[in-house]
Amino acid sequence: MKKLFLAMGLAACALVGCGDSSSAASAEPDNDKPVALENSSSSDESGSGGVWIKSSSSVKPESTEKNSSSSEKSESSSSKNVPVTEESSSSVASESSSSEEFDWSVPKEAYFNPNIEYGTMTDERDGKVYRTVKIGDQTWMAENLNYADSVKTPSLKGRSMCYNNESKNCDVAGRYYTWAAAIDSVKLYEDYSIDCGYDKTCTLPDTVYGICPSGWHLPSSAEWMTLFVAAGGKKFLTYEDKYTSGPALKSVTGWLTDCKTFDSACGTNSTGFSALPAGVGFFPIASPIYIFMYVGHEALFWSADEVDSEEAIYMELNDLFESVELEHIFDKENGVSVRCLKN
């Protein structure tokens with residue numbers, strides 16, 4: 002709960018305006034996307050980011066109402082630049098007081114390890130081609146999933162997004178998905194017998210294929226830990242799900258903190274996993290607004306495991322530490338990246 006008060010402040014700022022008045026966009030919203038706000042002012046917080054109203058349209062079986070409490074990420078906000086950028090539904094108006102931002106113009110190919118021999122996989126649903134990499138006995142996608150068809154996959158309706166609603170950004174870092182979207186909750190409960198994904202626990206199969214392409218699935222917590230070990234990591238003595246293999250999984254470039262200050266945190270990408278810091282679409286307490294946070298500082302990926310009706314487990318890497326870990330307190334309605342694992 003370390004970011005509770007920070008998140009409340011950001012939400013209040015976005016709703017009432019920070020030193021300026023705001024007005025709702027007049028364009029008819031696209032319910033596949035979070036709806037943008039207009040505002041002539043931007044936060045004085047620095048970094049890369051954006052603010053989005055969560056879509057009011059929802060496909061069953063997931064409830065659209067937020068509980069009065071929301072869990073949050075477990076890194077100190079003092080080392081992060083938490084950005085807030087508001088924009089209209091027809092144009093992007095991104096402002097920042099900092100020159101240090103994640104560079105979205107750099108293509109995804111720049112984050113791969115040139116010394117690794119990658120495989121390829123084609124998603125038959127939309128024809129997108131992804132690089133793959135074998136690490137130990139597992140074969141992983143070496144880039145983030147970027148599948149968006151909410152007609153074929155209704156679970157995605159209003160539950161996935163590109164950074165700042167620009168598709169070109171998804172070409173770099175893939176999409177952000179809520180956990181209900183990641184597990185393909187509508188497919189799990191086609192008769193709408195349960196609004197699985199938020200506010201009710203799910204009855205999940207042993208293997209959750211989720212929104213992954215045919216032949217691939219959403220990794221479980223145990224499968225993530227298998228990766229940590231295969232990447233050469235050693236377990237921290239006091240943390241069951243925390244390993245030292247972060248650098249081997251992180252891309253060499255893209256991280257905004259000077260890793261030489263924290264030498265052990267520097268990414269080597271020796272495995273070819275090529276995790277780049279896309280951050281998270283954060284959903285603050287009692288607010289209908291997504292705020293893109295920690296872009297350039299953290300990489301997060303959903304697991305197929307939930308904690309309870311409101312929280313699910315995710316894998317986290319950051320630019321300050323060599324650790325990679327599974328976090329157990331994270332709201333299912335936050336937008337997180339997805340990596341798929343070969344069956």
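Offset between the sequence shown (1-based) and this note's numbering: plus 1.
For glycine and all other residues, C-beta sits at the position ideal for the given N, C-alpha and C.
Because the structure is a prediction, the values reported are computed rather than measured.
- Return the bridge partner residues of His298 from the DSSP annotation. Numbered from its first residue, the sequence shown carries residue 298 at position 297. BP columns for His298 are empty, so no partner.
> DSSP state of Asp332, grouped into three classes?
Replying inline: Within the sequence shown, residue 332 is the residue found at index 331, counting from 1. It is a strand residue.
Discussion item. Going by the DSSP bridge assignment, what does Leu318 pair with across the sheet?
Written reply: Residue 318 sits at position 317 when you count from the first residue of the sequence shown. In the DSSP output, where bridge partners are listed per residue, Leu318 has Ala300, Val325.
Own chain residues within Cβ distance below 6 Å of Tyr131, not counting five before or after: Here residue 131 is taken as the residue at index 130 of the sequence shown, counted from 1. Cβ within range, chain order: Met122, Met142, Glu144.
Rounded Cβ spacing between Val281 and Val209 (contact assumed at less than 8 Å)
Working through the sequence shown from its first residue, we reach residue 281 at position 280. Working through the sequence shown from its first residue, we reach residue 209 at position 208. Not quite, the Cβ-Cβ distance comes to about 20 Å (not below 8 Å), so this is no contact.
Straight-line CA distance for Thr204 to Ser106? Your numbering for residue 204 matches position 203 in the sequence shown. Your numbering for residue 106 matches position 105 in the sequence shown. Their Cα atoms are separated by approximately 41 Å.
Practice item. Let me know the secondary structure DSSP gives Ser215 once reduced to three states. Key: For this step, residue 215 is matched to residue 214 along the sequence shown. In this structure, Ser215 counts as coil in the three-state DSSP scheme.
> Residue ranges of each alpha helix (DSSP H) run of no fewer than 4 residues wholly in the segment 92 to 176, ordered along the chain?
Replying inline: As far as the segment 92 to 176 is concerned, its whole alpha helix (DSSP H) runs of at least 4 residues are 168 to 174.
Taking 6 Å as the limit between beta carbons, can you name the residues of its chain near Ala232, skipping five residues before and five after? Counting from one through the sequence shown, the residue named residue 232 turns up at place 231. Result list for Ala232: Ser246, Ala249, Leu250, Thr272, in chain order.
Please report the distance separating the alpha-carbon of Met226 from that of Asp242.
As a working note, residue 226 is residue 225 in the sequence shown. As a working note, residue 242 is residue 241 in the sequence shown. Pairing Met226 with Asp242, the inter-Cα distance amounts to about 7 Å.
_Less than 8 Å between the C-beta atoms of Tyr148 and Arg160, yes or no?_
Within the sequence shown, the letter at position 147 stands for residue 148. Within the sequence shown, the letter at position 159 stands for residue 160. For Tyr148 and Arg160, no; Cβs fall outside 8 Å.
Sorted by chain position, which residues of the same chain lie with C-beta nearer than 6 Å to Lys343's C-beta, five sequence neighbours on each side aside?
Numbered from 1 along the sequence shown, position 342 holds the residue referred to as residue 343. Correct list, in chain order: Thr140, Trp217.
**Asked** Assuming Val308 contacts Met316 under a Cβ cut-off of 8 Å, what Cβ separation, rounded to an integer in Å, is found between them?
**Response** Position 307 of the sequence shown, counted from the start, is the residue given in the question as residue 308. Position 315 of the sequence shown, counted from the start, is the residue given in the question as residue 316. Incorrect: roughly 14 Å between the Cβ atoms, too far for contact.
What whole-angstrom Cβ distance do Tyr244 and Glu334 have, given they're in contact under 8 Å?
Translated into the one-based positions of the sequence shown, residue 244 becomes position 243. Translated into the one-based positions of the sequence shown, residue 334 becomes position 333. Incorrect: roughly 28 Å between the Cβ atoms, too far for contact.
### Query
In terms of alpha-carbon separation, which member of Gly137, Phe103, Ser304 lies closest to Ala181?
Within the sequence shown, residue 181 is the residue found at index 180, counting from 1. The residue among Gly137, Phe103, Ser304 with its C-alpha nearest the C-alpha of Ala181 is Ser304.
Using three-state DSSP, classify Lys343 as helix, strand or coil. In the sequence shown, the residue the question calls residue 343 occupies position 342. DSSP places Lys343 in strand when its eight states are reduced to three.
Give me the Cα-Cα distance between Leu219 and Cys267, rounded to the nearest whole angstrom. Here residue 219 refers to the residue found at position 218 when the sequence shown is read from its first residue. Here residue 267 refers to the residue found at position 266 when the sequence shown is read from its first residue. Looking at the two C-alpha atoms, the distance is approximately 27 Å.
*According to DSSP, residues forming a beta bridge with Phe274*: For this step, residue 274 is matched to residue 273 along the sequence shown. For Phe274, which the question treats as bridged, DSSP gives no partner whatsoever.
Task: Span separating the alpha-carbon of Thr262 from that of Phe113 - done: Walking along the sequence shown from the start, residue 262 turns up at place 261. Walking along the sequence shown from the start, residue 113 turns up at place 112. Looking at the two C-alpha atoms, the distance is approximately 23 Å.
query: How long is the line joining the alpha carbons of Arg176 and Phe302, rounded to whole angstroms?
result: Within the sequence shown, residue 176 is the residue found at index 175, counting from 1. Within the sequence shown, residue 302 is the residue found at index 301, counting from 1. Each residue's CA atom was taken as its position, placing Arg176 and Phe302 some 11 Å apart.
> Helix or strand or just coil, what does DSSP make of Asp200?
Replying inline: As a first step, residue 200 is located in the sequence shown; it is residue number 199 there, counting from the start. In the structure shown, Asp200 sits in coil (DSSP, three-state: anything other than H, G, I, E or B).
- Around the C-beta of Tyr1, are 16 or more other C-beta atoms found within 10 angstroms, so that it is buried, or is it exposed? What the structure shows of the chain is the stretch from 2 to 344, and residue 1 is not part of that stretch, so it cannot be assessed.
**Asked** So what does DSSP say about Asp185, is it helix, strand or coil?
**Response** In the sequence shown, residue 185 corresponds to position 184, counting from 1. In the structure shown, Asp185 falls within a coil segment according to DSSP collapsed to helix, strand and coil.
Quiz item: Considering only C-alpha positions, which residue in the set Phe293, Thr269, Glu299, Met294 is nearest to Leu277?
Solution: Translated into positions along the sequence shown, residue 277 becomes position 276. Minimum Cα-Cα distance from Leu277 among the listed residues Phe293, Thr269, Glu299, Met294 corresponds to Glu299.
C-beta atoms of Lys346 and Ser156 nearer than 8 Å | Outside the shown range of the chain (2 to 344) lies residue 346, about which nothing can therefore be said.
Are the beta-carbon atoms of Val152 and Lys109 separated by less than 8 Å? As a first step, residue 152 must be located in the sequence shown, where it is residue number 151. As a first step, residue 109 must be located in the sequence shown, where it is residue number 108. No. Outside cutoff.
Fill in: Anticipated Cβ contact below 8 Å, Phe103 with Leu238, distance rounded
Taking the first residue of the sequence shown as 1, we reach residue 103 at position 102. Taking the first residue of the sequence shown as 1, we reach residue 238 at position 237. Not quite, the Cβ-Cβ distance comes to about 33 Å (not below 8 Å), so this is no contact.
* Would you mind stating whether Ile314 and Glu328 have Cβ atoms separated by less than 8 Å? => Here residue 314 refers to the residue found at position 313 of the sequence shown. Here residue 328 refers to the residue found at position 327 of the sequence shown. In contact: Ile314 and Glu328 (Cβ atoms closer than 8 Å).
- Item | Rounded C-alpha distance that separates Lys201 from Val230 | One-based indexing of the sequence shown puts residue 201 at position 200. One-based indexing of the sequence shown puts residue 230 at position 229. When rounded, the distance between both Cα atoms is 33 Å.
- What do you reckon, are the CB atoms on Gly297 and Gly234 nearer than 8 Å? As a position in the sequence shown, residue 297 is number 296, starting the count at 1. As a position in the sequence shown, residue 234 is number 233, starting the count at 1. Not closer than 8 Å, so no.
Return the residue from the list Phe283, Phe274, Ile212 that minimises the CA-CA distance to Tyr119.
As a first step, residue 119 must be located in the sequence shown, where it is residue number 118. That would be Phe274, whose Cα lies nearest to the Cα of Tyr119.
Alpha-carbon spacing of Asn306 relative to Arg340, whole angstroms | Stepping through the sequence shown from its first residue, residue 306 is reached at position 305. Stepping through the sequence shown from its first residue, residue 340 is reached at position 339. According to the sequence provided, residue 306 is Asp. The question's Asn does not apply to it. Roughly 14 Å separates the two Cα atoms.
Could you tell me the boundaries of the alpha helix (DSSP H) in which Gly247 lies? The count along the sequence shown starts at 1 and reaches residue 247 at position 246. 247 to 250 is the extent of the alpha helix (DSSP H) around Gly247.
Q.
By the three-class DSSP mapping on this structure, what secondary structure does Thr236 have?
A. One-based indexing of the sequence shown puts residue 236 at position 235. It should be noted that the sequence gives Lys, not Thr, for residue 236. Shown here, Lys236 sits in a strand according to DSSP, grouped into three states.
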